[in-house]
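Visitor:
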Amino acid sequence: MCVSHRSHSGNDAKHQKICSLPPNPGYGDCSSEPVIKFYFDAYDLKCKRFLFLNCKGSNQNRFDTEEECIRVCHYTACRPGEVIALTNSTTPIICEKPSQCSDGFRCSYDKLFRRHVCCGYSNLDRTCPESSVSYASPTQHSALHCSPSPITDQCPGDFVCLKKERAGHCCKPQREYCPLGQSPLNGTFSGHPQKCNLMQSQFACPEGYECIPPYRGNPWGYCCTTKIEARCPEGTKPYLYTENGQPQKCTVGVTTCR
Numbered sequence: 001m002c003v004s005h006r007s008h009s010g011n012d013a014k015h016q017k018i019c020s021l022p023p024n025p026g027y028g029d030c031s032s033e034p035v036i037k038f039y040f041d042a043y044d045l046k047c048k049r050f051l052f053l054n055c056k057g058s059n060q061n062r063f064d065t066e067e068e069c070i071r072v073c074h075y076t077a078c079r080p081g082e083v084i085a086l087t088n089s090t091t092p093i094i095c096e097k098p099s100q101c102s103d104g105f106r107c108s109y110d111k112l113f114r115r116h117v118c119c120g121y122s123n124l125d126r127t128c129p130e131s132s133v134s135y136a137s138p139t140q141h142s143a144l145h146c147s148p149s150p151i152t153d154q155c156p157g158d159f160v161c162l163k164k165e166r167a168g169h170c171c172k173p174q175r176e177y178c179p180l181g182q183s184p185l186n187g188t189f190s191g192h193p194q195k196c197n198l199m200q201s202q203f204a205c206p207e208g209y210e211c212i213p214p215y216r217g218n219p220w221g222y223c224c225t226t227k228i229e230a231r232c233p234e235g236t237k238p239y240l241y242t243e244n245g246q247p248q249k250c251t252v253g254v255t256t257c258r
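Written as structure tokens, this is what we have:
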């Protein structure tokens with residue numbers, strides 16, 4: 001984990017620009033009644049209310065509630081899908097070095113507030129399975145919703161859509177994408193582990209890789225090396241199949257090794 005002063009592209013840069021805009025209630029002939037909206041004041045670093053005329057000329061620095069304004073403009077230091085570590089419901093943890101952030105979070109520079117905060121992925125509201133993290137909605141402090149489908153990929157990056165009760169959310173493993181001894185294939189352009197689908201040929205893995213879903217009953221997974229790199233305790237060596245030279249996989253307490 002390292003302290004970063006770089007501005008991340010994408011959603012965070014877009015929100016920085018929006019939250020830096022001056023409030024604009026609009027102008028000209030208005031067809032509806034004025035309403036109370038909220039905007040982020042880049043000088044006072046607070047969300048404030050203003051009267052929105054619902055006319056021409058307005059900009060995107062307007063939010064329906066103060067909570068939505070805080071969620072968007074207080075999170076510009078983080079990458080898309082990440083959240084800021086908080087000491088309570090609204091106060092971010094300020095960091096000066098990586099060790100001040102908890103596991104899975106990094107110390108990142110916030111251009112709007114001119115400070116460092118801890119950013120990272122979290123399992124919001126426990127919507128994802130254990131040892132997994134969720135993709136945070138850009139306007140809500142909750143996991144991004146999706147509609148589970150065996151055909152279409154609806155989640156960004158290396159997240160997959162999982163169903164919990166009646167709703168679907170974008171989740172991914174917190175650490176290991178592939179079984180022990182196997183490594184994921186990183187996408188050429190995205191840099192993320194490449195997703196695949198057991199039921200769709202267009203999402204198949206290239207030669208030397210196999211599609212392994214991390215979640216039972218879900219066809220979406222990640223391309224993992226077919227070649228297994230055995231990791232045995234010091235002074236021991238793996239059992240290798242004579243036909244292909246590959247180590248035998250096993251599960252502690254379940255599999256009987258030769």
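Numbering (full-length UniProt numbering), first residue to last: 1 to 258.
We treat Cβ as the ideally placed atom computed from N, Cα and C, and that holds for glycine.
Quick caveat: nothing in here was measured; it's all calculated off a predicted structure.
1) For T91, which option in R71, G81 and S108 has the closest C-alpha, if you only look at C-alpha atoms?
2) What is the C-beta distance between C30 and L51, in whole angstroms, given that I count them as a contact (C-beta under 8 Å)?
3) Between P148, K37 and Y75, which has its C-alpha nearest R114's C-alpha?
4) Go ahead and label I84 buried or exposed: buried means 16 or more other beta carbons lie within 10 angstroms of its beta carbon, across all protein chains shown.
5) Can you tell me which of C224, D41 and F159 puts its alpha carbon nearest to the alpha carbon of residue 274?
6) Sorted by chain position, which residues of the same chain lie with C-beta nearer than 6 Å to S9's C-beta, five sequence neighbours on each side aside?
7) Quick check: V133 and S142, are their CB atoms within less than 8 Å of each other?
8) Tell me whether the beta-carbon of V160 lies closer than 8 Å to the beta-carbon of N218.
9) The beta strand (DSSP E) that contains E210, what's its start and end?
10) Within the continuous alpha helix (DSSP H) that includes R71, where are the two ends?
11) State the Cα-Cα distance for the pair G181 and W220, rounded to the nearest angstrom.
12) Anyone know if the C-beta pair for C146 and Q140 falls short of 8 Å?
13) What residue from P148, C250, Y109 and C69 has the CA that sits closest to R231's CA?
14) Using 8 Å as the threshold, is the region 39–49 in touch with the region 57–73, meaning 3 or more CB pairs across them?
15) Do you know offhand how far R126's Cα is from Q200's?
16) Would you call I228 buried or exposed, if buried means 16 or more other Cβ atoms sit within 10 Å of its Cβ?
17) Does DSSP put C30 in a helix, a strand or coil?
18) Output the distance between the C-alpha atoms of L45 and K14, rounded to the nearest integer angstrom.
19) Starting from the N-terminal side, write out each stretch of the beta strand (DSSP E) that is 3 residues or longer and does not extend beyond the region 81–157.
20) Which of helix, strand or coil does DSSP assign to H192?
21) State the DSSP-derived secondary structure class of T242, mapped to helix, strand or coil.
22) In whole angstroms, what separates the C-alpha of residue 262 from that of G157?
23) Going by beta-carbon coordinates alone, are C171 and C211 separated by less than 8 Å?
24) Whole angstroms are fine: how far does the CA of Y215 sit from the CA of E165?
25) Got a sec, what are the start and stop residues for the beta strand (DSSP E) N41 sits in?
26) Among E130, S131 and Y135, which one has its Cα closest to the Cα of G120?
27) Could you tell me whether the Cβ atoms of I151 and V117 are closer together than 8 Å?
28) Hey, could you find the ends of the beta strand (DSSP E) C161 is sitting in?
Guide: For this structure:
1) R71
2) Rounded, the Cβ-Cβ distance is 11 Å, inconsistent with contact.
3) Y75
4) Around the beta carbon of I84, 16 or more other beta carbons sit within 10 angstroms, so the residue counts as buried.
5) This structure gives no information on residue 274, because the portion of the chain shown stretches from 1 to 258.
6) With a pLDDT of only 43 at S9, under 50, the local geometry of the prediction cannot be trusted, and no value is derived from it.
7) no
8) yes
9) Y209 to I212
10) E66 to C73
11) Looking at the two C-alpha atoms, the distance is approximately 20 Å.
12) No, Cβ-Cβ distance for C146 and Q140 is not below 8 Å.
13) C250
14) yes
15) 29 Å
16) buried
17) coil
18) 17 Å
19) Runs of the beta strand (DSSP E) inside the region 81–157: 105–110, 115–120 and 132–134.
20) In the structure shown, H192 sits in coil (DSSP, three-state: anything other than H, G, I, E or B).
21) coil
22) Shown here, the chain extends from 1 to 258; a query on residue 262 therefore has no answer.
23) no
24) 15 Å
25) In the sequence under discussion, the amino acid at residue 41 is Asp, which differs from the Asn named in the question. V35 to D41 is the span of the beta strand (DSSP E), which, as asked, contains D41.
26) Y135
27) Contact flag unset, no.
28) V160 to K164
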